[in-house]
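Chains A and B, in that order, give the protein sequences.
All residue numbers for the first sequence refer to the numbering used here, where the first residue is -17 and numbers rise by one.
All residue numbers for the second sequence refer to the numbering used here, where the first residue is 14 and numbers rise by one.
Ideal Cβ placement from N, Cα and C applies to all residues, glycine included.
Taking it in order: structure first as structure tokens, then the write-up.
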Amino acid sequence: MKLLTLAWKDLRRQFRSGLLLLLMIGVPLLLTGLLYFAFGSTGTGPALTPLSVAVIDLDTPAALAPFAVGTIVAQALGSPELATLLVPATAPDAATARRRVRAGDLGAAVIVPAHATATLLSGRGVLTLEVITDPARPLAAGVLSDILQAVADGLSAGGVAARVTAELATAQGVPGAALLAARAAATVGPGPGIDRPASLVITAPREGGSSFVKRMVAEVMAAMMIFFVFFSGAYGASAVLREQEEGTLRRLAATPTSTATQLGGRFLGIAAILVVQIASLLALSGLVFGIGWGRPLPVALASAALAVDAAGFGVVLLAFVKTSRQSGPVFGVVLTVTGMVGGLMTATMPSLPVAFHTAALFTPQGWAMDLWRACLAGGDVGAILPSLAGTFVIGVGLLAVGVPLMRRRFARGL
Amino acid sequence: MVDTARERGTGPALRAEGLTKRYRDTVAVDAVDLEVQQGELVSLLGPNGAGKSTLMDMIAGVIRPDGGDAWVLGHSLRRAPMAARRALGVVPQDIALYPDLSARENLLFWGRMYGLTGTLLERRTATLLEVVGLTERQRGRVETFSGGMKRRLNIAAALLHEPPVIMLDEPTVGIDPQSRRAILDYVQRLNDEGATVLYTTHYMEEAAELSDRIAILDRGRIIAQGTHDALTRIVGEHDRIELELVGAGTPEAGAVGEAAFADLPGVRHVSTQGTRLELLATDGATLLPGLFARAAARGIAVRSVTLHEPDLESVFLHLTGRALRD
């Protein structure tokens, strides 16, 4: 009973402050919202300003080749399904394309190298499509890469099918069979379709948006949630300092309430604050940004692990501050630095060096970010288990270090 | 003896034996023995820093003594701390309330911390809000209250469980005379209704007005205790003369003043307190003409003179050579 009274008191005090509520729930949503609405969303899901893309086709396929890589790429990028994302453009050569992309006249360019079709059909060597984008627009590069990857997958499958069929026909001594079989294998659907391998399928993202953008918004939201939940954990732990300054800690010590109950009530209070915050952020971000956080059980476990982690980190940080006034700057600096190292500020940056990820695993936030990425990917409990276990172990470890320090410092008044 | 006296009506309500607290090289409370009988109102009187709050904190169980023990209605603080705390109502010196909770929410919280629940808690909360005159402001946040209102609520929070023994640590510090009067009346009323009260103050008027007995604490030790009359008898028929000097206030001026009056016939003790000189004299009224003559002879300008009958200030001055207000 006293345990609940203590926890309820902390919960009520925390949520009674408008400023704290704003920091705990409003700011993470606002920061994610800025990104979300930067892509022109009006409530139907994230959308991008269409990117102008030129295809520079240097390929010279043989006359009887079953398809031409350059044509397929150009057709794919000009597909009506992608009209909301990409606008076909032209450039006379690669040098001009590079210059125009640098100048911002052109969103991106794809260079199809000479002998691209022959390379693909030969089954030997590597066919590389060069993509030129403005480094200042990593999002554009991401979207284009997503689409080209789908094209490349289709081309590879088509090439393999044509080659295998031709080899089989030739081996059985069918005159002219190689070419015919290859054509038959690579041709599909209504209309001429001669240039389109059977396995090449380009699926436009639903709701007029990009899966890349959705994933990005979800990851930014996860990062913001982790950052601000850690902040709340630290602030919740520092409530003991405020109570010490208010004199209520001493008064509490004069009541017939055991230290264990006082300590338990305090942690229950912090846990309740964090759980309410996480639940609110999950629900509101799902509602506002359409984020699907994953399966219920993994999400529930990840929420619990995040709460333990944040509370543990807060309790340890408490050992380094003497007054509640100190706690603001100290928590701000430490949580920002560890959040950055933990990858919360670079959550959506593609192709970061491995060292970044390794460094992130030295922070509790890094483990938490991994865990929520796994949840967002729709993984079941088995899939999230490594990062879940890591996050829990770190949280429990931090509590094991922090709680005795806290208990010793505040003696009876806990 | 006291360990077995666990029912009201037998043995002292509060007993401290050899209570000691040290902070590094400083002895804040030095082997204090104190006994408060049931229904008694005892004041702990002493200047700031005398050790009053430390002594109270040890009895309340807030800080652990380095030596000795205390018993509340026979419950040892060391062996049965929960039972001892249940019997105690502690009003801390500083306001100890949650500023962002309302008056009512604060009382409900502290009541629950003493194990009260349900309608009993609701009823006592309502009663105490009425008693301290905060019924109309019960939903207001404490941070919006005046100093006097906070003080009254601070006291109410300690009384929800109707403790048989109440300790109040300087509850009237820093408040307006009206609130002070209300608090003193309420303390007196609690005592009249049967509560045992241990009250600390550095205002001798409060101690004199309220107390059945007074214990004078200085530098961590109880240097005298007894009724007001018994204590003032310590200084005999000595009056206290307070001289306000022009241009005094420096150690040199103080020394000059002390030297000027120390050898006057009838003067037992002279001490300097800032711009004042305090003299203990056997017959103050007779001494005054000689005192003025001496001041004139030595070129000492006197701004004012006050003659006090023997009081607790005189007792403290007599026992320590220092003023209570220091």
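Helix, strand or coil: which one does DSSP assign to Arg77 (chain B)?
coil
Alpha-carbon to alpha-carbon, Asp70 (chain B) and Asp82 (chain B):
12 Å
Extent of the continuous alpha helix (DSSP H) run through Gly239 (chain B)
Careful: Gly239 (chain B) lies outside any alpha helix (DSSP H), inside the beta strand (DSSP E) at Arg234 to Gly239.
Tyr212 (chain B), DSSP secondary structure in three states:
strand
Quick one, which residues of the segment 203 to 231 of chain A are near chain B if we go by CB-CB under 8 Å, in chain order?
Glu228, Gly229 and Thr230
Does the contact criterion of 3 or more C-beta pairs under 8 Å hold for the segment 294 to 310 of chain A versus the segment 207 to 226 of chain A?
yes
Taking 8 Å as the CB-CB cut-off, is Pro112 (chain B) touching chain A?
yes
Less than 8 Å between the C-beta atoms of Leu88 (chain A) and Val125 (chain A), yes or no?
no
Got a sec: is the Cβ-Cβ distance from Pro386 (chain A) to anything in chain B below 8 Å?
no
Compare the C-beta of Arg307 (chain A) with all C-beta atoms of chain B and state if any pair is closer than 8 Å.
no
According to the Cβ coordinates, are Gly246 (chain A) and Gly377 (chain A) closer than 8 Å?
no
Look up Met322 (chain A) in the DSSP assignment and say whether it is helix, strand or coil.
helix
Should Gln131 (chain A) be labelled buried (16 or more other beta-carbon atoms within 10 Å of its own) or exposed?
exposed
Checking contacts by CB at 8 Å: is Phe158 (chain B) closer than that to chain A?
no
So, Ile235 (chain B) versus Leu332 (chain B), is the Cβ gap smaller than 8 Å?
no
In angstroms with no decimal places, state the Cα-to-Cα distance between Pro361 (chain A) and Leu266 (chain A).
For the sequence presented, residue 361 (chain A) should be read as Gly rather than Pro. Spanning the two alpha carbons is a distance of roughly 22 Å.
Against Ala235 (chain A), what residues of chain B qualify as contacts under a CB-to-CB distance less than 7 Å, listed in chain order?
Gly74 and Val75
With 8 Å as the threshold, decide whether the Cβ of Pro10 (chain A) is near any Cβ in chain B.
no
Name the residues in the segment 98 to 112 of chain B whose C-beta lies less than 8 Å from a C-beta of chain A; which are they?
Arg98, Arg99, Leu101, Val103, Pro105, Asp107, Ile108, Ala109, Leu110, Tyr111 and Pro112
Evaluate the contact criterion for the segment 144 to 159 of chain B versus the segment 251 to 266 of chain A: three or more CB pairs, one atom per stretch, below 8 Å.
no
In chain B, what lies closer than 8 Å to Lys304 (chain A) by C-beta?
Going along chain B, no residue has its Cβ under 8 Å from Lys304 (chain A), so there is no contact; the nearest lies around 18 Å.
Determine the direct distance from the alpha carbon of Thr240 (chain B) to that of Asp38 (chain B), and round the result to whole angstroms.
33 Å
Of all the CB atoms in chain A, is at least one closer than 8 Å to the CB of Gly128 (chain B)?
yes
Assuming Leu353 (chain A) contacts Thr373 (chain A) (C-beta within less than 8 Å), just tell me the rounded distance between them.
5 Å
Going by C-alpha distance, which of B:Ser224, B:Asp242 and B:Leu101 is nearest His174 (chain B)?
B:Leu101
Find the residues of chain A that neighbour Arg125 (chain B), judging by a C-beta separation of less than 8 Å, and give them in chain order.
Met(-17), Lys(-16) and Thr(-13)
Option in B:Phe122, B:Pro25, B:Pro94 and B:Leu181 with minimal Cα separation from Thr241 (chain A)
B:Pro94
Counting Cβ pairs, one atom from each stretch, are 3 or more of them under 8 Å apart for the segment 115 to 124 of chain B and the segment 137 to 147 of chain B?
yes
Beta strand (DSSP E) segment containing Lys34 (chain B), residue limits
Leu27 to Tyr36
Are the C-beta atoms of Thr239 (chain A) and some chain B residue less than 8 Å apart?
yes
State the CB to CB distance for the pair Ile188 (chain B) and Gly160 (chain B), rounded to an integer number of angstroms; the pair is presumed to be in contact (CB under 8 Å).
5 Å
Proximal residues to Ala44 (chain B) (C-beta, below 6 Å), its chain only, five neighbours per side dropped
Gly31 and Thr33
Would you mind working out which of A:Pro62, A:Val35 and A:Leu256 sits nearest Leu3 (chain A), comparing C-alpha positions?
A:Leu256
Cβ of Ile391 (chain A) within 8 Å of any chain B Cβ
The residue you asked about is not Ile; residue 391 (chain A) is Arg in the sequence shown. No, its Cβ sits nowhere closer than 8 Å to a Cβ of chain B.
Pick from A:Val92, A:Ile93, A:Thr305 and A:Asp41: whose alpha carbon is nearest that of Val392 (chain A)?
Per the sequence shown, the amino acid found at residue 392 (chain A) is Phe instead of Val. Of the candidates A:Val92, A:Ile93, A:Thr305 and A:Asp41, the one whose C-alpha sits nearest the C-alpha of Phe392 (chain A) is A:Thr305.
Need the endpoints of the beta strand (DSSP E) that Pro70 (chain A) sits in, please.
Leu68 to Ala71
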